[in-house]
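Colleague:
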Ligand code: NDP
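Residue numbers (this note's numbering): 52 to 341.
#1: Could you tell me if the beta carbon of residue 242 falls within a distance shorter than 7 angstroms of some heavy atom in the ligand NDP?
#2: Smallest Cα separation from residue 238: which of 254, 216 and 75?
#3: Can you have a look at residue 340 and say buried or exposed, based on whether 16 or more other CB atoms are within 10 angstroms of its CB?
#4: Measuring alpha carbon to alpha carbon, tell me which residue in 176, 306, 77 and 318 is nearest residue 194.
#5: Below 8 angstroms, can you find three or more Cβ-Cβ pairs linking the segment 221-239 to the segment 282-302?
#6: Can residue 314 be considered in contact with the ligand NDP, in the sense that its beta carbon sits closer than 7 angstroms to one or more heavy atoms?
#7: Buried or exposed for residue 174, please, with buried defined as at least 16 other CB atoms from any protein chain shown within 10 angstroms of its CB.
#8: Extract the residue ranges of the alpha helix (DSSP H) inside the segment 202-276, only unbroken runs of 4 or more that lie entirely within it.
#9: Return helix, strand or coil for residue 161, following the three-state DSSP convention.
#10: Taking the straight line between their C-alpha atoms, what separation do you get for residue 145 and residue 164?
#11: Which word fits residue 269, buried or exposed, when buried means at least 16 other C-beta atoms lie within 10 angstroms of its C-beta?
#12: Please go through the segment 70-155 and give each complete alpha helix (DSSP H) segment of 4 or more residues, from N-terminal end onward.
#13: Taking the DSSP output, what are the residues bridged to residue 196?
#14: Return yes when the Cβ of residue 306 is within less than 8 angstroms of the Cβ of residue 266, no when it is not.
#15: With distances taken Cα to Cα, identify the nearest neighbour of residue 149 among 284, 161 and 138.
#16: Please indicate yes or no: does the CB of residue 156 lie closer than 7 angstroms to some heavy atom of the ligand NDP?
#17: Nearest CA to the CA of residue 53: which residue from 303, 314 and 316?
#18: Is the closest heavy atom of the ligand NDP to the C-beta of residue 304 under 7 angstroms?
#19: I'd like the list of long-range same chain contacts for residue 328, defined as Cβ closer than 7 angstroms, with 5 residues on each side in sequence excluded.
#20: Can you pull the DSSP bridge partners for residue 48?
#21: Have a look at residue 212 and residue 312 and give me their C-alpha separation to the nearest angstrom.
#22: Out of 101, 99, 308 and 125, state which residue places its alpha-carbon closest to the alpha-carbon of residue 157.
#23: In whole angstroms, what is the alpha-carbon distance linking residue 263 and residue 283?
#24: Tell me whether the beta-carbon of residue 207 lies closer than 8 angstroms to the beta-carbon of residue 234.
#25: Does any heavy atom of the ligand NDP sit closer than 7 angstroms to the C-beta of residue 192?
#26: Return helix, strand or coil for residue 56, following the three-state DSSP convention.
#27: Beta carbon of residue 237: closer than 7 angstroms to some heavy atom of the ligand NDP?
#28: Quick one: what's got a C-beta closer than 6 angstroms to residue 180's C-beta in the same chain, skipping five residues either side?
#29: Give a yes or no on whether the C-beta atoms belonging to residue 322 and residue 111 are separated by under 8 angstroms.
#30: Using three-state DSSP, classify residue 290 as helix, strand or coil.
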């Protein structure tokens, strides 16, 4: 039976690290990092995520301001707020909560965020640095996946890693982070011919497709490590991952549960990015590298 990788506990440890480093920064420099969140419209999922972010910021001592705007706000008005926050020296991180209402372009809005304050790590400049192996503000969910692998003591160099899903938010950045750590990486997607065979070759499997239990347990190579990023709400209200958990857990050596695996890591890594941005903007060393 697989070891369960406890994302809830690991995320709590990351938050404790951030809190200690935020306190040290405040004591040494009088700086308290500030995160501004733009929430446009009334998507119920987004409202929950933003509340969780506010709570986590309060826990670690990061200042947070949420700009709540009605769904019919013009794109130009959202862009004007982004530019004002870009110019405000007290703002360290800017996060545009997605999805945005359909009448505006998520690309135009996220591209307008100053890359130095892009704590989501979605700006093309930050994604480019990631590809170059110099990413500092790394997308939060992929960064969380890497931390889980590290905490579970998973050796990556030379191992065969398979990433299922190629979104800009999860699949692609995870693939580059695994490559940076010397894994041999295959990226699968909806046009992959024989997904079962690709999955079956993985020593390390990361799945982010958004379809409940689409990856069957019997495909998993015995002893593989499985990271399930999927979060799917079932009709009965339960949350399911993208991997058939029970069957996968009987073959894998380690696996993340859903909920309680990757999910809690995303916000923890957002807090970490906010502190990193606050230090970098002031010419201070990154607290995780110092
Ligand atoms: P997207 O919808 O943006 O991307 C899904 C990817 O999966 C696409 O690349 C798609 O391929 C691929 N795909 C879809 N169906 C299949 C299939 N049957 N076989 C192989 N590949 C397939 O999703 P995200 O990356 O944004 O999210 C993926 C999942 O992760 C969701 O459940 C989401 O809720 C969850 N998530 C969780 C987070 C967390 O904090 N834990 C954060 C972000 C996401 P193609 O490109 O060909 O269309």
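From the three backbone atoms N, C-alpha and C, an ideal C-beta is built for every residue, glycine too.
Modeller: Reading off the structure:
#1: yes
#2: 216
#3: exposed
#4: 318
#5: no
#6: yes
#7: buried
#8: 222-231 and 246-251
#9: helix
#10: 7 angstroms
#11: exposed
#12: 95-111 and 126-138
#13: Answer is none; residue 196 lacks a bridge partner.
#14: no
#15: 161
#16: no
#17: 303
#18: no
#19: 143, 144, 167, 168, 170 and 188
#20: The first residue shown for the chain is 52 and the last is 341, placing residue 48 beyond what the model contains.
#21: 19 angstroms
#22: 125
#23: 6 angstroms
#24: yes
#25: yes
#26: coil
#27: no
#28: 186
#29: yes
#30: strand
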